[in-house]
Amino acid sequence: MEIKKIKKNIFIIGGSLRKKSYNKFLASNLVEIGKNDFNFEIFSDFNLLPMYNTDDHSENDWPSALLEIGDKIKNADGVIFITPEYNFSVPGYLKNCIDWISRLPNQPLDKKPVCIQSASLGPLGGARVQYHLRQILVFLNARVMNKNEIFVTFAKTKFDETGKLIDEQTINFIKDQLNGFKIFINE
Ligand code: FNR
6 MEIKKIKKNI FIIGGSLRKK SYNKFLASNL VEIGKNDFNF EIFSDFNLLP MYNTDDHSEN
66 DWPSALLEIG DKIKNADGVI FITPEYNFSV PGYLKNCIDW ISRLPNQPLD KKPVCIQSAS
126 LGPLGGARVQ YHLRQILVFL NARVMNKNEI FVTFAKTKFD ETGKLIDEQT INFIKDQLNG
186 FKIFINE
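For what it's worth, the working numbering labels the leading residue of the sequence shown as 6, then goes sequentially.
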């Protein structure tokens, strides 16, 4: 008898606005690395959300992209944020996206299992943005996994020109994080 594996559904909010974003590359490599255990969907089109302004919406009137993001989060078993660090913190477009999400009825990140990855050109790989992002997620009552953390340092050296992750150690770190996340989701 063949036992069918039930895959967890993961919604990735990740990348930056630019086409050749290392964080976008990281997201697409994650999909490949975790494909046996997870179904992934990636959101990186942050331009679909205008700058948040309370005057621009009512309780029943939200940008359609936001409603879609909210539904994807609600229906996912977990969410993975993959982000660059801008000036030691969360890039404006990602903060804007989270601010929108936070206003939705039945706020979708509440109690949602979350883990975080970041890639940067520098030697810390976005260590500081991760702690600012965690602080934001505390207010939203997301259930953020502590370990393992993924900081892709010196990103230029870790991907080839097609965006494929070529650093074995980083690939193994990501496998470990995904294994941990699988357990964390069920806890
Ligand atoms: C950066 N970068 C950067 N890197 C870092 O490690 N710490 C930082 O605080 C910053 N700050 C910062 C601010 C702004 C406005 C930009 C545009 C860039 C460099 C950053 O790591 C690099 O541009 C990455 O390539 C950005 O990620 P993506 O776009 O490749 O995903």
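Cβ atoms here follow ideal geometry from the backbone N, Cα and C, with glycine treated the same way.
Only a predicted model underlies this, so the values are computations on that prediction, with no experimental measurement involved.
Here's the rule I'm using: 16 or more other beta-carbon atoms within 10 Å means buried, otherwise exposed. How should residue i be labelled?
| i | result |
| --- | --- |
| N52 | exposed |
| Y4 | Only positions 6 to 192 of the chain appear in this structure, which leaves residue 4 out of reach. |
| G39 | buried |
| Q182 | buried |
| K116 | exposed |
| G194 | Shown here, the chain extends from 6 to 192; a query on residue 194 therefore has no answer. |
| Q174 | exposed |
| L31 | buried |
| I155 | buried |
| L72 | exposed |
Within 6 Å: the Cβ of residue i and any heavy atom of ligand 1?
| i | result |
| --- | --- |
| P110 | no |
| L35 | no |
| P89 | yes |
| N28 | yes |
| F178 | no |
| L126 | yes |
| R139 | no |
| F93 | yes |
| S49 | no |
| R23 | yes |
Short of 7 Å in beta carbon distance, which residues of its chain neighbour residue i, apart from the five on each side in sequence? Order them along the chain.
| i | result |
| --- | --- |
| I190 | K13, D82, G83 and P118 |
Beta-carbon within less than 6 Å of residue i's beta-carbon, same chain only, minus the 5 sequence neighbours each way: which residues are those?
| i | result |
| --- | --- |
| C120 | I85, M150 and F186 |
Whose C-beta lies closer than 8 Å to the C-beta of residue i among residues of the same chain, with five residues either side of it excluded?
| i | result |
| --- | --- |
| I141 | V95, K100 and I103 |
Q | Cβ contact (3+ pairs, closer than 8 Å) linking the segment 120-132 and the segment 155-162 | A | yes
Q: Examine the Cβ distances between the segment 162-175 and the segment 93-111 and report whether three or more of them are shorter than 8 Å.
A: no
Q) Looking at C-beta atoms only, is the number of pairs between the segment 44-51 and the segment 103-117 that lie closer than 8 Å three or more? A) no
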